[in-house]
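Here the structure is laid out as structure tokens; the discussion comes afterwards.
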Amino acid sequence: MSLESAFQYVFDVICKLHLENKNISVATVRNSMTTKAPLPVITKAIASFKENPEQYLSVYQPTEAPEEKTQVEVNVNPKPELEERVKQLEQQVAFLTEQLAKLTS
Numbered sequence: 000m001s002l003e004s005a006f007q008y009v010f011d012v013i014c015k016l017h018l019e020n021k022n023i024s025v026a027t028v029r030n031s032m033t034t035k036a037p038l039p040v041i042t043k044a045i046a047s048f049k050e051n052p053e054q055y056l057s058v059y060q061p062t063e064a065p066e067e068k069t070q071v072e073v074n075v076n077p078k079p080e081l082e083e084r085v086k087q088l089e090q091q092v093a094f095l096t097e098q099l100a101k102l103t104s
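Letter by letter, the sequence shown follows residues 0 to 104 in numbering that gives the first Met the number 0.
Following this line, the structure appears as structure tokens:
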């Protein structure tokens with residue numbers, strides 16, 4: 000994560016916490032983050048936000064949180080083509096293992 004994107008991410012978290020009427024501190028910001036950011040970035044962002052919160056809130060646009068994941072349906076029965084491919088690969092591994100054993104003995 001670049002320094003610029005880290006600052007942007009931290010400011011997004013800070014603005015979100017502020018709009019939720021939560022206390023802005025290093026601990027609350029770090030606990031609300033899904034991606035880690037360097038501590039100096041967090042402390043500088045908090046200090047800047049506390050000096051002039053309206054500046055950051057005026058440009059803040061809530062986005063979907065990265066932790067919100069869409070549910071993915073898992074196919075329990077793999078495709079028959081995949082099963083056949085696995086069998087072929089297992090046969091190739093066995094053959095190559097035999098060939099390697101012959102060459103090394």
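Beta carbons: idealized from backbone N, C-alpha and C, even for Gly.
Margin query: Quick check: residue 58 and residue 45, are their CB atoms within less than 8 Å of each other?
Written below: Contact flag unset, no.
Next item on the list: Could you spell out the range, first to last residue, of the alpha helix (DSSP H) harbouring residue 103?
Entry: Under the DSSP assignment, residue 103 falls in the alpha helix (DSSP H) whose first and last residues are 79–103.
Note to self: Please report the straight-line C-alpha distance between residue 54 and residue 88, rounded to a whole angstrom.
What the structure shows: Annotation: residue 54 to residue 88 spans about 60 Å, alpha carbon to alpha carbon.
Note to self: Whole angstroms are fine: how far does the CA of residue 86 sit from the CA of residue 30?
What the structure shows: So the alpha carbons of these two residues sit roughly 46 Å apart.
Next item on the list: Under the assumption that residue 40 contacts residue 2 (Cβ atoms under 8 Å), give the Cβ distance between them as a whole number of angstroms.
Entry: So it is a contact: roughly 7 Å between Cβ atoms.
Next item on the list: Confirm, please, whether the CB-CB distance from residue 0 to residue 34 is below 8 Å.
Entry: In this structure, residue 0 lies closer than 8 Å to residue 34 by Cβ.
Item checked: Where the alpha helix (DSSP H) containing residue 8 begins and where it ends -> Note, residue 8: alpha helix (DSSP H), 2–18.
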